[in-house]
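Novice:
There are 2 protein chains.
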Amino acid sequence: MAPFDSGKSTWKNAALLDATCVDCDVRNTAFCDGVPERELARLETLATFLEIRSGETIINEADPSEFIFNVTGGAVKLYKLMADGRRQITGFLFAGSFLGVSDHSEYAYTAEALAPTSLCRFPRKKFESLLAEFPTIGQRMVSILMDDLAGAQNQMLLLGRKTARERVASFLVLLSTRTGKKEQGREVLPIPMNRVDIADFLGLTIETVSRTLTSLKKDNIITIPDGGHIEILDSDELAAISEHL
Amino acid sequence: MAPFDSGKSTWKNAALLDATCVDCDVRNTAFCDGVPERELARLETLATFLEIRSGETIINEADPSEFIFNVTGGAVKLYKLMADGRRQITGFLFAGSFLGVSDHSEYAYTAEALAPTSLCRFPRKKFESLLAEFPTIGQRMVSILMDDLAGAQNQMLLLGRKTARERVASFLVLLSTRTGKKEQGREVLPIPMNRVDIADFLGLTIETVSRTLTSLKKDNIITIPDGGHIEILDSDELAAISEHL
DNA sequence: CGACTCGTTGACTCTCTTCAAGGATAGTGG
DNA sequence: CCACTATCCTTGAAGAGAGTCAACGAGTCG
Chain A
0 MAPFDSGKST WKNAALLDAT CVDCDVRNTA FCDGVPEREL ARLETLATFL EIRSGETIIN
60 EADPSEFIFN VTGGAVKLYK LMADGRRQIT GFLFAGSFLG VSDHSEYAYT AEALAPTSLC
120 RFPRKKFESL LAEFPTIGQR MVSILMDDLA GAQNQMLLLG RKTARERVAS FLVLLSTRTG
180 KKEQGREVLP IPMNRVDIAD FLGLTIETVS RTLTSLKKDN IITIPDGGHI EILDSDELAA
240 ISEHL
Chain B
0 MAPFDSGKST WKNAALLDAT CVDCDVRNTA FCDGVPEREL ARLETLATFL EIRSGETIIN
60 EADPSEFIFN VTGGAVKLYK LMADGRRQIT GFLFAGSFLG VSDHSEYAYT AEALAPTSLC
120 RFPRKKFESL LAEFPTIGQR MVSILMDDLA GAQNQMLLLG RKTARERVAS FLVLLSTRTG
180 KKEQGREVLP IPMNRVDIAD FLGLTIETVS RTLTSLKKDN IITIPDGGHI EILDSDELAA
240 ISEHL
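Keeping their order, the protein sequence lines are chains A and B.
Take the first sequence: its position 69, counting from 1, is numbered 68 in numbering that gives the first Met the number 0, and each next residue is one higher.
Take the second sequence: its position 193, counting from 1, is numbered 192 in numbering that gives the first Met the number 0, and each next residue is one higher.
If you want it as structure tokens, here you go:
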């Protein structure tokens with residue numbers, strides 16, 4: 000087996016788990032929300048539970064889309080690559096997210112674990128029959144995909160029209176709404192991704208991200224206790240920057 | 000009634016048509032593909048057929064999402080606005096496309112007709128019950144939304160990482176695959192949108208779009224017979240530019 | 001024919017990138 | 001325990017690509 004840091008390894012090396020749908024952490028947020036409790040056993044016959052390590056690849060862009068996934072824990076980044084190595088991260092996923100968007104029969108992006116990550120996996124074909132069997136799954140999927148599409152359009156606005164400062168502020172606001180927890184006005188965000196990932200998500204360089212964070216720090220809007228955390232001091236100001244100037 | 004060029008008018012001013020599902024032009028591309036012929040009458044009881052003029056608004060960003068639409072003819076642009084007027088066009092839709100993506104209960108974008116456009120409209124609530132009634136609609140919707148999401152991710156790569164020349168080339172390639180028809184090697188694209196729209200779609204200014212088109216013309220990759228058309232002379236080179244350098 | 005819109009072109013500016021160097025932190029091995 | 005290395009992040013100086021500002025040409029409409 001490849002060493003811990005291998006970026007080439009895939010879910011084929013992943014540990015298989017004996018998890019169950021009943022005590023799934025994302026039971027009420029994933030697309031299986033709405034499947035009646037008594038049907039969970041049926042659902043489980045189609046699912047495989049996986050655990051993968053940080054840095055491992057889950058799916059590759061342009062590979063045939065044989066499976067779809069739910070992220071049940073951890074963090075995942077999605078990205079597209081150009082021939083010369085330029086990269087655009089199209090999203091970060093956390094527990095409860097759907098994974099495996101495809102254009103026709105090929106995956107639209109590469110997905111890689113940012114942290115130790117757990118997943119449940121369904122064969123695509125069987126998933127399609129699930130839609131016929133459980134109409135509520137179809138409704139949930141439509142709802143999830145629409146939310147994802149709305150998020151993608153926000154990101155297009157960011158990438159097409161926002162300044163570096165606005166992009167970084169938007170990024171912090173986004174992370175805050177998804178993973179943040181406030182403690183008496185103070186809000187310390189865990190940042191599971193490195194500067195390269197942030198830059199490739201925001202369409203910037205790592206230098207610009209670094210400079211912009213330093214600038215926000217100087218303006219007393221954030222502090223940076225360490226590389227893995229950012230504390231938001233003035234979330235109102237941050238929100239104002241993110242959508243205006 | 001407002002004059003022809005009004006941008007404020009909405010579908011509320013639209014002409015209602017006595018169209019039918021049976022002889023619908025997009026019968027086999029829209030989400031209703033897969034609904035058995037004998038059920039079309041049932042579908043029709045929920046649908047309203049509309050015709051709107053160029054420049055009219057179909058839906059507004061952040062309005063409650065009461066309806067969803069199929070574009071049955073014409074052309075539509077989708078966009079998001081910032082407070083200071085900066086605009087990002089997130090997509091152009093043609094016949095067969097789905098319209099009305101919402102984040103929770105609000106539309107994610109504004110939609111405006113680029114040309115005289117025909118639509119069929121379903122109340123959102125009834126549409127949801129349709130998903131339960133016709134599982135194939137759910138499957139089609141999932142498929143359509145995934146394709147849209149894959150397209151959105153391509154656009155993120157474009158906006159985040161491509162140069163102006165690559166963006167314009169990508170745009171022409173995209174239009175070519177969607178509305179183009181080749182005639183003995185020559186391919187004349189109708190361009191239903193103006194330079195402002197192209198710029199706002201590509202995250203550029205009109206000047207940069209204009210300069211880039213001129214540059215492609217000088218390199219004998221395209222010609223510009225008039226404002227509304229672009230002829231592609233070398234589609235291979237155009238494709239090469241669009242994804243490399 | 002003037003007024004307007006739209007697209008093109010030129011000159012200059014500026015934001016962000018590129019290139020380069022230096023700090024901080026963690027892991028490794030003598 | 002402390003160099004040694006590697007990785008990640010920050011900071012600085014210079015450069016480039018796209019933006020801004022401005023003028024002009026072509027087509028359209030009243």
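Positions of the beta carbon are idealized from the N, C-alpha and C atoms, including for glycine.
None of the values given here were measured: they were computed from a predicted structure.
Run through chain A and tell me which residues come within less than 8 Å of S101(B), C-beta to C-beta.
Specialist: The residue given as residue 101(B) occupies position 102 in the second sequence. In chain order: M145 and A149.
Novice: In the structure shown, what three-state DSSP assignment does G72(A) receive?
Specialist: Stepping through the first sequence from its first residue, residue 72(A) is reached at position 73. Reduced to three states, the DSSP call for G72(A) is strand.
Novice: Just checking: is the beta-carbon of A28(B) within a distance shorter than 8 Å of some beta-carbon in chain A?
Specialist: Against the second sequence, residue 28(B) aligns to sequence position 29. Per the sequence shown, the amino acid found at residue 28(B) is Thr instead of Ala. Not closer than 8 Å to any Cβ of chain A, the Cβ of T28(B) fails to qualify, so no.
Novice: In chain B, which residues lie less than 7 Å from G202(A) when you measure between Cβ atoms?
Specialist: As a working mapping, residue 202(A) is identified with position 203 in the first sequence. By Cβ distance, chain B contributes L158, G159 and R160.
Novice: Quick one: what does DSSP say A110(A) is sitting in, helix, strand or coil?
Specialist: Taking the first residue of the first sequence as position 1, residue 110(A) is located at position 111. Strand at A110(A).
Novice: What do you reckon, are the CB atoms on L144(B) and I136(B) nearer than 8 Å?
Specialist: Position 145 of the second sequence, counted from the first residue, corresponds to residue 144(B). Position 137 of the second sequence, counted from the first residue, corresponds to residue 136(B). Cβ atoms of L144(B) and I136(B): not closer than 8 Å.
Novice: Helix, strand or coil, according to DSSP, for K79(A) in the structure here?
Specialist: Within the first sequence, numbered from 1, the residue matching residue 79(A) stands at position 80. Here K79(A) sits in strand by DSSP.
Novice: What ranges does the alpha helix (DSSP H) occupy inside the segment 135-198 of chain B, keeping only unbroken runs of at least 4 residues that lie completely in it?
Specialist: 163-178
Novice: Ends of the beta strand (DSSP E) at F91(B)?
Specialist: Position 92 of the second sequence, counting from 1, holds the residue named residue 91(B). Judged by DSSP secondary structure, F91(B) falls within the beta strand (DSSP E) whose first and last residues are R86 to F93.
Novice: Any beta carbon of chain A sitting closer than 8 Å to that of T19(B)?
Specialist: Within the second sequence, residue 19(B) is the residue found at index 20, counting from 1. No, because no Cβ of chain A sits closer than 8 Å to the Cβ of T19(B).
Novice: Just mark T162(A) as buried or exposed, buried being the case when its beta carbon has 16 or more other beta carbons within 10 Å.
Specialist: Reading the first sequence from its first residue, position 163 is the one you call residue 162(A). The residue is exposed, with fewer than 16 neighbouring Cβ atoms inside 10 Å.
Novice: Among residues of its own chain, excluding the 5 on either side of V195(A), which ones have a beta-carbon nearer than 7 Å to its beta-carbon?
Specialist: Position 196 of the first sequence, counting from 1, holds the residue named residue 195(A). Answer for V195(A): I205, listed in chain order.
Novice: How many Å lie between F133(A) and A198(B) at the Cα?
Specialist: Taking the first sequence and counting its residues from 1, one reaches residue 133(A) at position 134. Taking the second sequence and counting its residues from 1, one reaches residue 198(B) at position 199. A straight-line Cα-Cα distance of about 44 Å links F133(A) and A198(B).
Novice: For a contact defined as C-beta to C-beta under 9 Å, what are the partners of E242(B) on chain A?
Specialist: Indexing the second sequence from 1 puts residue 242(B) at position 243. The answer, in chain order, is M81 and A82.
Novice: Give the range of the beta strand (DSSP E) segment to which S117(A) is assigned.
Specialist: On the first sequence, position 118 is the one that residue 117(A) refers to. First-last of the beta strand (DSSP E) with S117(A): T116 to P122.
Novice: The beta strand (DSSP E) with I205(A) in it runs from where to where?
Specialist: By 1-based counting over the first sequence, the position of residue 205(A) is 206. First-last for I205(A): I205 to K217, but that is the alpha helix (DSSP H), not the beta strand (DSSP E).
Novice: May I have the straight-line CA-CA distance separating Y78(A) from T89(B), to the nearest angstrom?
Specialist: As a first step, residue 78(A) is located in the first sequence; it is residue number 79 there, counting from the start. As a first step, residue 89(B) is located in the second sequence; it is residue number 90 there, counting from the start. If you take the alpha carbons of Y78(A) and T89(B), they lie about 19 Å apart.
Novice: What in chain B is Cβ-close to E127(A), meaning under 8 Å?
Specialist: The residue labelled residue 127(A) in the question sits at position 128 within the first sequence. Near E127(A) (Cβ distances below 8 Å), the residues of chain B are Q138.
Novice: Looking only at C-alpha atoms, which of F97(B), R139(B) and L158(B) sits nearest to V34(B)?
Specialist: To locate residue 34(B), count along the second sequence from 1; it is residue 35. When each option's Cα is compared against that of V34(B), the closest is R139(B).
Novice: How about the segment 116-127 of chain B and the segment 116-124 of chain A: do they share at least three Cβ pairs that are nearer than 8 Å?
Specialist: no
Novice: Quick check on L39(A): does DSSP put it in helix, strand or coil?
Specialist: Start at 1 with the first residue of the first sequence, and residue 39(A) comes out as number 40. In this structure, L39(A) counts as helix in the three-state DSSP scheme.
Novice: List, in chain order, every chain A residue whose beta-carbon is nearer than 7 Å to that of A131(B).
Specialist: Sequence index remark: in the second sequence, residue 131(B) carries index 132 (1-based). Those within 7 Å of A131(B) in chain A are P134.
Novice: Taking the beta strand (DSSP E) that D17(A) belongs to, which residues open and close that run?
Specialist: Here residue 17(A) refers to the residue found at position 18 when the first sequence is read from its first residue. That residue, D17(A), is in no beta strand (DSSP E); it is neither H nor E in DSSP.
Novice: By how many angstroms is the C-alpha of N153(B) removed from the C-alpha of A107(A)?
Specialist: Here the question's residue 107(A) lines up with position 108 in the first sequence. Here the question's residue 153(B) lines up with position 154 in the second sequence. Each residue's Cα considered, the two are about 8 Å apart.
Novice: Give the single residue among I67(A), C20(A), A94(A) and V172(A) whose Cα lies nearest to the Cα of T109(A).
Specialist: Indexing the first sequence from 1 puts residue 109(A) at position 110. The residue among I67(A), C20(A), A94(A) and V172(A) with its C-alpha nearest the C-alpha of T109(A) is I67(A).
Novice: For the candidate residues M155(B), R164(B) and G150(B), whose alpha-carbon lies nearest to that of V173(B)?
Specialist: In the second sequence, the residue the question calls residue 173(B) occupies position 174. It is worth fixing the name first, because residue 173(B) is Leu in this sequence and not Val. The candidate whose alpha carbon is nearest that of L173(B) is G150(B).
Novice: Check whether the segment 36-48 of chain B touches the segment 230-239 of chain A, counting contact only when three or more Cβ pairs, one atom from each stretch, lie closer than 8 Å.
Specialist: no
Novice: Hey, does T89(A) have any beta-carbon neighbour from chain B nearer than 8 Å?
Specialist: Within the first sequence, residue 89(A) is the residue found at index 90, counting from 1. Output row for T89(A): interface = yes.
Novice: Could you pull out every residue in the same chain whose Cβ sits closer than 7 Å to the Cβ of T19(B), ignoring the five residues on either side in sequence?
Specialist: Sequence index remark: in the second sequence, residue 19(B) carries index 20 (1-based). Hits under 7 Å: E43.
Novice: Can you check whether the CB of V187(B) is closer than 8 Å to the CB of E316(B)?
Specialist: What the structure shows of chain B is the stretch from 0 to 244, and residue 316(B) is not part of that stretch, so it cannot be assessed.
Novice: Counting only Cβ pairs nearer than 7 Å, list the residues of chain A close to R85(B).
Specialist: To locate residue 85(B), count along the second sequence from 1; it is residue 86. Simply R160.
Novice: Have a look at the DSSP bridge pairing and note the partners of D102(B).
Specialist: To locate residue 102(B), count along the second sequence from 1; it is residue 103. The partner list for D102(B) (beta bridge, DSSP) reads E105(B).
Novice: Does any CB atom of chain B fall closer than 8 Å to the CB of V141(A)?
Specialist: What you label residue 141(A) is simply residue 142 of the first sequence in a count that begins at 1. Chain B contact via Cβ: present.
Novice: If you reduce the DSSP assignment to three classes, tell me which class D235(B) lands in.
Specialist: The count along the second sequence starts at 1 and reaches residue 235(B) at position 236. D235(B): helix per DSSP, three-state reduction.
Novice: Residues in the same chain with beta-carbon distance under 7 Å from D4(B), minus the five sequence neighbours each way, listed in chain order, please.
Specialist: For the purposes of this step, residue 4(B) is taken as residue 5 along the second sequence, with counting starting at 1. Interpretation of D4(B) is limited by its pLDDT of 39, a score under 50 that renders its predicted location unreliable; the figure taken from the coordinates is listed afterwards. Hits under 7 Å: G54.
Novice: What residues from chain A crowd round M254(B), counting only those whose CB sits closer than 7 Å?
Specialist: Chain B is shown from 0 up to 244; residue 254(B) falls before or after that span and cannot be answered.
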